[in-house]
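Just so we're aligned, residue 249 is where the sequence shown starts under my numbering, counting upward by one.
C-beta: ideal position from N, C-alpha, C; glycine also.
Everything on this sheet refers to the single structure shown next.
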Amino acid sequence: MNNAATPAREVRINLFGGFRQFHDQPAISIEIERSATVATLRGRIAELFEDDANARALLKASAFATDRRVLGEDEGIPADEELALLPPVCGG
């Protein structure tokens, strides 16, 4: 439930790599409280994939980033920035 102390806002998350097979759009938008952390956002996205264990496993192993840096789980969501959901990669 939202109240004046913690109003909600919409966050756009761009999807890359393996996430594109689980969602038909290149990005998702989720409404979260302004005080939400990356961990909170991860939980909200997991709800979208509640019927897909593979998508949830990929989400668990992935990182959230702005266009400048990777965000830690306990960090707040930066205002007015799109985020990227970056799956793990390998290669050489």
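- Sequence-distant partners of residue 321 (beyond 5 residues in either direction) whose C-beta falls short of 8 Å from its own C-beta, in its chain, are 285, 286, 287 and 290.
- Residue pairing from DSSP places residue 285 in a beta bridge opposite 324.
- For residue 279, the closest C-alpha among the options 295, 311 and 323 is that of 295.
- Boundaries of the beta strand (DSSP E) around residue 313: 311–313.
- Counting only residues of its own chain and dropping the five nearest sequence neighbours on each side, residue 307 has a CB closer than 7 Å to the CB of 290, 293, 294 and 297.
- By the beta-carbon neighbour count (other beta carbons within 10 angstroms, threshold 16), residue 310 is buried.
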